[in-house]
Amino acid sequence: MNIIDLTDSADSGNELKQQRLSIISGEGRSSSPTTVPHSETLVECPVCAQFMTIEELQGSHIDRCLRGETKTIKPSMASKRQPTTGNISTFFSPRKRRKQEEKVQEDDDSSYQLQPTSMAQKQRIPNLDTMITTNKLKEKLISYNLPTGGTRQQLEARIREYINLYNANLDSLNPVDQRVLIGRLNKWDSLMNQRSTQNHSHSEGEDEEKSDETLKKSTKELKDWRIKYNSTYAELIKKARNSMKTSKEKTSDDPANNGTNK
């Protein structure tokens, strides 16, 4: 049994605990070649989990690694590695194992569900330009196979809702066909029309009630006003009549008027 001992040297100012890494090879056979890997084979450092050649590992790297002078591998990658057991099979990790680890990393990065190529190639619809004319707006609706009936406000609301549905469908992991989007838009449009009709009817009913209440209130106020100032009106009328009567009497008693009459 051959044992290779690698012992780190004490760093100045810091006392490091002596660590020994024993690389134990299998029982040698006189007739069989040695089991030590080829010098170009990449092996894994048992301390920092980095891959390198055997010469580099057995040279100065292991001493520097034990003193903490080398960079350790990222925790995310180190956590995926199997723990070392101290035998030669884990000390000298083959390239196949590294490829398997890289494949695991790629699988983790691509774990989310990808959309179909046809959906990924579609472009998003830009937001509606409010300065567009009504005719241009209807042309856009026709190009999307959408209805063009209703007021300008309804047309804008309809195409905005369709743009939201379309762009959200592009971002969805389970996109649906355009016919499904149009069906959803028609349901939304029907619901909006029902609400608009209900609000309009409710508004008309409120207007009629308010009109009746206003008329009743005005009539009552006018009646109260007449009752409150009835005596004042009667007094004013009486004074006006007396004034007219006095004026006539003065006119009839005036000598100038009498001479003229003669």
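Take UniProt numbering: the final residue in the sequence shown is number 262, and no numbers are missing along the way.
Ideal Cβ placement from N, Cα and C applies to all residues, glycine included.
Note that the structure is predicted; figures quoted are calculated from it, not measured.
Inter-residue Cα distance where the pair is residue i and residue j
| i | j | result |
| --- | --- | --- |
| LYS187 | ASN127 | 22 Å |
| MET52 | GLN58 | 10 Å |
| VAL43 | LEU173 | 41 Å |
| SER60 | THR41 | 18 Å |
| CYS48 | CYS65 | 7 Å |
| ASN169 | ASP189 | 18 Å |
| VAL176 | THR133 | 31 Å |
| GLY183 | LYS136 | 23 Å |
| ILE227 | ASN193 | 51 Å |
| GLU70 | ASP63 | With the sequence shown as reference, residue 70 is identified as Thr, and Glu is not the correct amino acid for it. The straight-line gap from Cα to Cα measures roughly 10 Å. |
| GLN178 | ASN145 | 10 Å |
| SER231 | GLU209 | 35 Å |
| SER143 | ASP171 | 22 Å |
| SER110 | LYS122 | Per-residue confidence for SER110 stands at a pLDDT of 45, beneath the threshold of 50, marking its modelled position as unreliable; no derived number is given. |
Rounded distance between the beta-carbons of residue j and residue i, thought under 8 Å
| i | j | result |
| --- | --- | --- |
| GLU161 | LEU185 | 6 Å |
| LYS138 | THR151 | Contact doesn't hold; Cβ gap of about 12 Å is too wide. |
| LEU165 | LEU181 | 5 Å |
| ASN167 | ARG195 | ASN167 to ARG195, Cβ: 24 Å. No contact. |
Endpoints, beta strand (DSSP E) assigned at residue i
| i | result |
| --- | --- |
| GLU44 | 42-44 |
| THR53 | 51-53 |
Three-state secondary structure (DSSP) of residue i
| i | result |
| --- | --- |
| THR133 | coil |
| THR197 | helix |
| GLN58 | helix |
| TYR233 | helix |
| VAL176 | coil |
| LYS74 | With a pLDDT of 49 at LYS74, under the threshold of 50, the predicted position of this residue should be treated as unreliable, though the coordinate-derived value follows. Residue state, collapsed to three classes: coil. |
| GLY68 | coil |
| ILE182 | helix |
| ARG124 | coil |
Enclosing alpha helix (DSSP H) for residue i [first to last residue]
| i | result |
| --- | --- |
| ALA157 | 152-171 |
Spell out a yes or no on whether the stretch 122-137 and the stretch 146-157 are touching, meaning 3 or more CB-CB pairs, one atom from each, closer than 8 Å. yes
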